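Taking it in order: structure first as structure tokens, then the write-up.
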Amino acid sequence: MALICEPQGRRSVSRWVREGSQFGHFTVHEIRCGSILCRSGDQIIEMPVEQRTNTRTLVRSHVAGSLQADSARPNDLLDVDDDAVAR
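The opening residue of the sequence shown carries number 19 in our numbering; numbering runs sequentially from there.
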């Protein structure tokens, strides 16, 4: 499957497509690493795929940062008035 962005008026809509799916006047012929082959009538057109940052790396970085913050003492993270807490 491949995630494509289709322009619709002033905005674009993202949706997942698989081989054989229609979008616009194209039919997805083949999904490859780095490109998508689309058919328009008898013609096959190769569309390059935009390379993005690996989201798994971004998630790992965020989680690692959260774990470091969680390991700190609570009073270091927040300005806590111990006298205001009812026991």
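Backbone N, C-alpha and C define an ideal beta-carbon position, used for all residues, glycine too. Computed from a prediction, not measured in an experiment: that's the story for all the values here.
Discussion item. Is it buried or exposed, I22, if we count other Cβ atoms within 10 angstroms and call 16 or more buried?
Written reply: buried
Worksheet entry | Distance, I54 Cα to R36 Cα | Each residue's alpha carbon lies about 10 Å from the other.
Discussion item. Just to confirm the assignment, what range does the beta strand (DSSP E) spanning E68 have?
Written reply: Looking at the DSSP string, E68 is not in any beta strand (DSSP E), and its letter there is neither H nor E.
Worksheet item: Can you check whether the CB of F44 is closer than 7 Å to the CB of S30?
Response: no
Item to complete: In the DSSP assignment, find the beta strand (DSSP E) that holds E24 and state where it starts and stops.
Response: 20 to 26
Item to complete: Please check the pair G42 and E24, which I expect to be a contact at CB under 8 Å, by giving their CB distance rounded to whole angstroms.
Response: Under the criterion of beta carbons closer than 8 Å, G42 and E24 qualify as touching, at roughly 7 Å.
Item to complete: Go ahead and label C56 buried or exposed: buried means 16 or more other beta carbons lie within 10 angstroms of its beta carbon, across all protein chains shown.
Response: buried
Item to complete: Classify S30 as helix, strand or coil using the three-state DSSP reduction.
Response: Residue state, collapsed to three classes: strand.
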